[in-house]
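Just below is one structure, and these are the notes that go with it.
Residue numbers (our numbering): 18 to 139.
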């Protein structure tokens with residue numbers, strides 16, 4: 018069994034998004050975090066309506082108490098599942114705060130959730 022790390026959690030998150038798995042995507046987040054309900058709805062809608070390729074790169078890390086603060090670079094390529102639907106590329110630096118909860122590193126705060134917003138289809 019591999020040791021749980023923040024990097025492993027982020028890799029699983031990127032893989033879940035790329036695999037269209039909304040349930041696994043949400044496992045990276047603490048359900049008690051502020052805004053989880055909106056994040057849950059957005060992430061589920063995104064993977065339902067689009068094929069996603071996701072990459073999350075950690076640029077810097079800092080430990081503060083029991084939290085890990087990560088400066089990350091997110092890149093998503095999003096292609097609508099609807100025939101002739103839009104394709105969108107998103108790239109954003111996102112500050113991520115992670116903490117061990119029930120033995121697993123979970124995201125407890127994000128500086129932006131816009132990366133996980135569903136496509137705007139006219």
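Cβ atoms here follow ideal geometry from the backbone N, Cα and C, with glycine treated the same way.
Cβ-Cβ separation, residue j to residue i (assumed contact under 8 Å), whole Å
i	j	result
residue 31	residue 73	5 Å
residue 63	residue 126	The Cβ separation is near 20 Å, so there is no contact.
residue 65	residue 36	Actually they are not in contact, since the Cβ atoms of residue 65 and residue 36 sit about 13 Å apart, beyond 8 Å.
Residue of the options minimising C-alpha distance to residue i
i	options	result
residue 123	114, 131, 67	114
residue 84	137, 117, 29	117
residue 128	48, 42, 111	111
residue 138	119, 67, 41	67
residue 24	51, 131, 121	121
residue 69	136, 34, 49, 56	34
Segment limits, alpha helix (DSSP H) that includes residue i
i	result
residue 98	No alpha helix (DSSP H) contains residue 98, which DSSP labels as neither H nor E.
residue 42	39-43
residue 26	23-35
Residue i burial status per 10 Å Cβ neighbour count (16 or more: buried)
i	result
residue 93	buried
residue 99	exposed
residue 26	buried
Residue range of the unbroken beta strand (DSSP E) whose run includes residue i
i	result
residue 77	67-81
Can you find at least 3 beta carbon pairs, one from the region 74-81 and one from the region 99-107, that sit closer than 8 Å? They do not touch, by the three-pair rule.
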